[in-house]
Each structure stands twice: as structure tokens, then as C-alpha cells.
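Student: In this note's numbering, the protein residues as written are 682 to 812.
One structure coming up, written as C-alpha cells, with questions to follow.
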Amino acid sequence: MRTIKIYCKECKSEITSELTEISESMLFWDENDQNIIQKGKFSFLKNQESNNKRIIVALDVYNLKNHSDINRFAGCCGSDGGNGLNKLCLNGHEVATEVSDCWTAHYVEFDCNKIIIEEKIDNDTYKEFKI
């Protein structure tokens with residue numbers, strides 16, 4: 682399994698520290714009000730209809746901030762994730778959607794068109810990973 686870091690495509694700022702890949706089959710989609718994935722892990726998901734890939738990570742402390750448009754966080758107890766990208770890199774670029782409402786599984790989904798993924802090659806070397 683690979684180890685990656687995620688960066689903002691627009692400003693190149695680091696969003697995550699190292700994340701280790703797990704299989705999509707290890708995600709816990711049935712757990713409402715809980716993280717579907719362990720902290721420090723990520724999983725690629727593929728939309729069967731569009732063939733687009735996305736990256737899912739746990740709700741955790743990343744170099745992200747909330748969108749200033751509070752309508753992006755619709756939900757009763759958190760964000761239902763249905764109103765567009767609601768997480769920004771620290772420089773204000775839209776990069777991800779937080780899903781964290783009480784009736785949903787909890788996770789952050791990165792828009793692969795808005796980020797750069799770098800894969801760890803060895804202890805000090807990372808290389809851009811194309812999805």
C-alpha cells in the first residue's frame with residue numbers, strides 16, 4: 682500500500698501529513714455519526730458511472746479551514762456534504778468536502794481536480810502521483 686501527502690493544486694500548500702492507503706472494502710459506510718476510516722489512512726474510491734476517482738480520509742486535524750459560506754455546511758449537527766466544497770486550504774482555495782452530520786458516516790472527500798498527491802518513494806523522497 683502506498684503512503685501519500687496531499688497538497689493544494691493552486692498554491693502548493695501542504696494539506697495533510699503522511700496518509701497510508703487502505704482498501705475501499707475496509708471503509709465502514711454503515712456507521713452513522715462515526716468516521717468511516719481510521720485517522721492517518723486514505724482510500725481511493727471510483728465512481729462506476731463517471732470513472733472519476735476521489736480520495737476519502739477521516740475527519741481529523743489537517744491544514745484546512747471552513748468555507749466562509751455557511752450554506753456549504755447544511756445539516757442539523759454537522760455538514761451533510763450536499764452543498765459543494767466546504768473545506769479550504771489555509772490560503773483559501775476550495776479543496777474538499779466535509780461530511781459530518783449525525784445521520785451520515787463521517788469523512789472528508791478531496792476533489793482530485795483541486796489537489797496534488799505526492800507518493801512517498803523513500804524516507805526523504807516524494808513523487809507526484811497521477812490518479
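We put the beta carbon where it would ideally sit given N, CA and C, even for glycine.
Note that the coordinates shown come from a computational prediction; the quantities given were computed from them, not determined experimentally.
Using 7 Å as the cut-off, classify the Cβ of Ser706 as near or not near the heavy atoms of the ligand MN, replying yes or no.
Tutor: The ligand MN is not part of this structure, which contains no ligands at all.
Student: Just tell me which of Lys693, Lys768 and Lys727 has its CA closest to the CA of Ser704.
Tutor: Nearest option by C-alpha distance: Lys727.
Student: Locate the beta strand (DSSP E) running through Cys770, then write down its first and last residues.
Tutor: Cys770 -> beta strand (DSSP E) spans Lys768 to Cys770.
Student: Assign Ser706 to one of three DSSP states: helix, strand, or coil.
Tutor: Reduced to three states, the DSSP call for Ser706 is helix.
Student: Taking the CB atoms as reference points, tell me whether Arg753 and Phe791 lie closer together than 8 Å.
Tutor: In this structure, Phe791 does not lie closer than 8 Å to Arg753 by Cβ.
Student: Could you tell me which residues DSSP puts in a beta bridge with Tyr807?
Tutor: Partner(s): Lys801.
Student: With distance defined between alpha-carbon atoms, name the residue in Lys801, Gln715 and Cys692 nearest to Val738.
Tutor: The candidate whose alpha carbon is nearest that of Val738 is Gln715.
Student: Pull up the distance between the alpha-carbon of Lys746 and that of Val789, whole angstroms please.
Tutor: Each residue's Cα considered, the two are about 12 Å apart.
Student: On the DSSP letters alone, give me the boundaries of the beta strand (DSSP E) that Phe723 sits inside.
Tutor: Start and end: Lys722 to Lys727.
Student: Pull up the distance between the alpha-carbon of His748 and that of Glu775, whole angstroms please.
Tutor: So the two alpha carbons sit approximately 8 Å from each other.
Student: How should Ile742 be labelled, buried or exposed, when 16 other C-beta atoms within 10 angstroms of its C-beta is the threshold for buried?
Tutor: A small correction: the amino acid at residue 742 is Val; Ile does not occupy that position in the sequence shown. It counts as exposed.
Student: Taking Ile699 as part of the beta strand (DSSP E), name the residues at either end of that continuous run.
Tutor: Residue identity check: residue 699 is Glu in the sequence provided, not Ile. Taken as a continuous stretch (DSSP letters only), Glu699 belongs to no beta strand (DSSP E), as it is neither H nor E.
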